[in-house]
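A.B. asks: For our numbering, count along the sequence shown from 1 and bump the result up by 2. By construction, the Cβ of each residue, glycine as well, lies at the ideal position given by its N, Cα and C atoms.
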Amino acid sequence: MIEAVKKHQQFEDLRVWQAAQDLYKRTSKSFKNTKSYFFRDQILKAALSVSNNIAEGFERKSNKEWIYFLYVAKGSCGEVRSMLYLAEDQNMISNTEMEEMKKMAMSLSKMIGALISSSLKNNKEE
3 MIEAVKKHQQ FEDLRVWQAA QDLYKRTSKS FKNTKSYFFR DQILKAALSV
53 SNNIAEGFER KSNKEWIYFL YVAKGSCGEV RSMLYLAEDQ NMISNTEMEE
103 MKKMAMSLSK MIGALISSSL KNNKEE
């Protein structure tokens, strides 16, 4: 793991995990009244997967596993973004809400991507 991550004793201290939790909370709030159980269930699972995979990778303590779980988290973040387009198209959320959530997801994806890059670089140096 990179030094910036190693200094933390627990995953709850990571800004990226906190941002992932915020994305889940926002997703949960935005889709709580959605009539399509399948859609709501899928987008909530994808949003929850982001923070859970960051946490799981952190707890594994191996750089290789850390990177793997970050990739899974980044993929789940992309799944949330993809579903936001469908939600807007189906009038489940407004364009404004979609854009705000998309920005959250894109920012989070960039944070995860930066951690992956740093971890890969650190992996080569070890």
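Return the Cβ separation of Met85 and Gln44 in integer angstroms, given the expectation that the two are a contact with Cβ distance under 8 Å.
C.D. replies: The count along the sequence shown starts at 1 and reaches residue 85 at position 83. The count along the sequence shown starts at 1 and reaches residue 44 at position 42. Yes, Met85 and Gln44 are in contact; Cβ-Cβ is about 7 Å, under 8 Å.
A.B. asks: From which residue to which residue does the alpha helix (DSSP H) around Lys66 run?
C.D. replies: Locating residue 66 in the sequence shown gives position 64, where the first residue counts as 1. Looking at the DSSP string, the run of the alpha helix (DSSP H) that includes Lys66 is Asn65 to Asp91.
A.B. asks: Over what stretch of residues does the alpha helix (DSSP H) that includes Asn54 continue unbroken?
C.D. replies: Here the question's residue 54 lines up with position 52 in the sequence shown. Where Asn54 is concerned, the enclosing alpha helix (DSSP H) stretches over Tyr39 to Arg62.
A.B. asks: Would you call the stretch 93-102 and the stretch 55-66 in contact, with 3 or more CB pairs under 8 Å?
C.D. replies: Counting Cβ pairs under 8 Å, fewer than three are found: no touch.
A.B. asks: Excluding the five sequence neighbours on either side, which residues of its own chain have a C-beta within less than 8 Å of the C-beta of Arg83, listed in chain order?
C.D. replies: Taking the first residue of the sequence shown as 1, we reach residue 83 at position 81. Lys104, Ala107, Met108 and Ser111, listed in sequence order.
A.B. asks: Less than 8 Å between the C-beta atoms of Leu16 and Ile56, yes or no?
C.D. replies: The sequence position of residue 16 within the sequence shown is 14, counting from 1. The sequence position of residue 56 within the sequence shown is 54, counting from 1. In this structure, Ile56 lies closer than 8 Å to Leu16 by Cβ.
A.B. asks: Can you grab the Cα-Cα spacing for the pair Asn125 / Ile118, in whole Å?
C.D. replies: Here residue 125 is taken as the residue at index 123 of the sequence shown, counted from 1. Here residue 118 is taken as the residue at index 116 of the sequence shown, counted from 1. Using only the alpha carbons, I get a separation of about 10 Å.
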